[in-house]
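Here the structure comes first, spelled out in C-alpha cells, and everything after it is commentary.
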Amino acid sequence: MNSIGDVPGLAGRRVVVLAGSRGIGRAVVELFAAAEARVVAVARGEATLKELAASDGQGRIVPLAADLSEPGAAEQVVSRAADLLGGIDVLVNNVGGWSDRPGATGPLLKATHDAYTSVMDLNIRTTLFATLEAARLMIAQGTGGSICCTASIDGLFPAPGEGLYGAAKAAVVNLVGTLAYELGQHRIRVNAVAPAIIETDLTAEWLTGDDQRADRASLYPLRRFGQPDDVARTIVFLCSPAADWISGVTVPINGGQQATGNAFRWVRQHNPVPPDRKL
Numbered sequence: 125m126n127s128i129g130d131v132p133g134l135a136g137r138r139v140v141v142l143a144g145s146r147g148i149g150r151a152v153v154e155l156f157a158a159a160e161a162r163v164v165a166v167a168r169g170e171a172t173l174k175e176l177a178a179s180d181g182q183g184r185i186v187p188l189a190a191d192l193s194e195p196g197a198a199e200q201v202v203s204r205a206a207d208l209l210g211g212i213d214v215l216v217n218n219v220g221g222w223s224d225r226p227g228a229t230g231p232l233l234k235a236t237h238d239a240y241t242s243v244m245d246l247n248i249r250t251t252l253f254a255t256l257e258a259a260r261l262m263i264a265q266g267t268g269g270s271i272c273c274t275a276s277i278d279g280l281f282p283a284p285g286e287g288l289y290g291a292a293k294a295a296v297v298n299l300v301g302t303l304a305y306e307l308g309q310h311r312i313r314v315n316a317v318a319p320a321i322i323e324t325d326l327t328a329e330w331l332t333g334d335d336q337r338a339d340r341a342s343l344y345p346l347r348r349f350g351q352p353d354d355v356a357r358t359i360v361f362l363c364s365p366a367a368d369w370i371s372g373v374t375v376p377i378n379g380g381q382q383a384t385g386n387a388f389r390w391v392r393q394h395n396p397v398p399p400d401r402k403l
C-alpha cells in the first residue's frame, strides 16, 4: 500500500471518495487509508470495491456501491456515506470522464444535444450536487472541511476534439473558485486538480505500442506519463491540514506540459488544420 509520508493530521479523518475503485480514485483511497483516515469508497462495481476494502486489512475502507448518474443520486450517496462514517471531513469528487454518445468527441460542429447533456451530466452536474451536499453537512457539523474536485488540463486550455469535455472541466474549475469564496466563511476549503494524461485503464487505448507511447510522452518535459499516485498525493495534500490556507485553486499536474506553451501539439499534429486555414 502507498504512503503519504509525513503529512500530519489525517488520522481519524472521515473521507468520502467518489469514483474510488480504480485509477486515481483508488490511489486516493489507499493513501488516505494508509494515513489512518476512515474512507468510504464509492463506485459502481461492488466486486472491485470489496476487493479494495479487503486489501486494506485495517477496516479503514468502507465500500459503497452506487450509480451516481441519475438526478439526485449524488446527494443521496454523499449523505449515506457520511452516515456510515458518522460525519464528513473530506470529499474527493473524482467523478467524470468521456461519453460514448455520438458527437461527444470530435469537432464541436458535430456536437448534439444528447452528447452535450451526457457530458455535462457526467462531469459537472454530479460534481456540483455532490459538493453542495457535502458542504451542507460540513456546515451543519460546524467544524469546517475540505473538498477536492478532479478537473483536467482540457479545462485549462482549448481542447480540439474534446470541446464538450473541456467545457465541462472548465466549469469545474470555475465552480471550485466560486465555492471557495462562498464557503470560506464556514472554514470549508475547495480546490481542484487538473491532470494531463494519467496512465490508467481508461487511457490505455491511447498508449499502445512503443512509437505511440514515445510520441505522447514527448509532450511532457519530464518525458513520462502521469501515474495515479502523482495525482493522488496532490489531492491528499490539498485535503490535509498541511494545506489549511490553500483554497480556490486548481493545481495543474502535467509533467511540465503547461510550460511548453503548446499543450495540444499532439492534437494539432494528428488532426491538422486544412492548408487554407491557420490555427
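Just remember that the working numbering sits 124 ahead of the position in the sequence shown, which is counted from 1.
From the three backbone atoms N, C-alpha and C, an ideal C-beta is built for every residue, glycine too.
All values reported here derive from a predicted model rather than from experimental measurement.
Exposure label - residue i; buried when at least 16 CB within 10 Å
i: Pro376; result: buried
i: Gln182; result: exposed
i: Thr274; result: buried
i: Glu154; result: buried
i: Thr358; result: buried
i: Asn315; result: buried
i: Thr418; result: Residue 418 lies beyond the stretch modelled for the chain, which goes from 125 to 403, so this question has no answer here.
i: Thr251; result: buried
Backbone CA spacing between residue i and residue j [nearest angstrom]
i: Arg150; j: Leu233; result: 36 Å
i: Asn342; j: Met262; result: Inspection of the sequence shows that residue 342 is occupied by Ser rather than by Asn. C-alpha separation (whole angstroms): 43 Å.
i: Val300; j: Met244; result: 16 Å
i: Thr302; j: Asp180; result: 36 Å
i: Ile271; j: Val216; result: 6 Å
i: Pro345; j: Asp354; result: 15 Å
i: Ser276; j: Ala320; result: 6 Å
i: Gly230; j: Arg168; result: 28 Å
i: Ile322; j: Arg260; result: 32 Å
i: Tyr240; j: Ile212; result: 32 Å
i: Gly279; j: Leu288; result: 10 Å
i: Leu142; j: Asp368; result: 22 Å
i: Thr186; j: Ala171; result: According to the sequence shown, residue 186 is Val rather than Thr. One C-alpha to the other measures close to 13 Å.
i: Pro396; j: Leu173; result: With a pLDDT of 49 at Pro396, under the threshold of 50, the predicted position of this residue should be treated as unreliable, and no value is reported.
i: Pro226; j: Glu306; result: 37 Å
i: Gly220; j: Lys293; result: 9 Å
i: Ser371; j: Ser203; result: 23 Å
i: Val201; j: Arg137; result: 18 Å
i: Pro132; j: Ala197; result: 33 Å
i: Ala189; j: Ala165; result: 8 Å
i: Asn378; j: Ala318; result: 8 Å
i: Ala338; j: Gln381; result: 15 Å
i: Val373; j: Ala304; result: 9 Å
i: Pro284; j: Phe156; result: 35 Å
i: Ala383; j: Ser242; result: 32 Å
i: Ile248; j: Gly290; result: 11 Å
Where residue i falls: helix, strand or coil (DSSP)
i: Pro132; result: coil
i: Thr358; result: helix
i: Ser270; result: strand
i: Val201; result: helix
i: Glu194; result: coil
i: Glu286; result: strand
i: Asp339; result: helix
i: Ile263; result: helix
i: Phe240; result: One detail in the question is off: residue 240 reads as Tyr in this sequence, not Phe. Residue state, collapsed to three classes: helix.
i: Val345; result: According to the sequence provided, residue 345 is Pro. The question's Val does not apply to it. Three-state result, Pro345: coil.
i: Arg150; result: helix
i: Arg311; result: coil
i: Arg184; result: coil
i: Asp224; result: coil
i: Gly380; result: coil
i: Ala292; result: helix
i: Phe281; result: coil
i: Ile248; result: helix
Per DSSP, the bridge partner or partners of residue i
i: Ala189; result: Ala167
i: Ala374; result: Per the sequence presented here, residue 374 reads as Thr, with Ala not at that position. Looking at the DSSP assignment, Thr374 forms a beta bridge with Ala316.
i: Arg138; result: Arg162
i: Asn217; result: Leu142, Cys273
i: Gly350; result: Ile322
i: Gly230; result: Glu286
Contact with chain C by residue i, beta-carbon distance below 7 Å
i: Val375; result: Given the protein chain composition of this structure (a single chain), no chain C is represented.
Requested in this report: Enumerate, from N- to C-terminal direction, the unbroken beta strand (DSSP E) stretches of 3 or more residues contained entirely within the stretch 156 to 182.
Outcome: As summarised for the stretch 156 to 182, the continuous beta strand (DSSP E) elements at least 3 residues long and confined to that stretch are 162 to 167, given in chain order.
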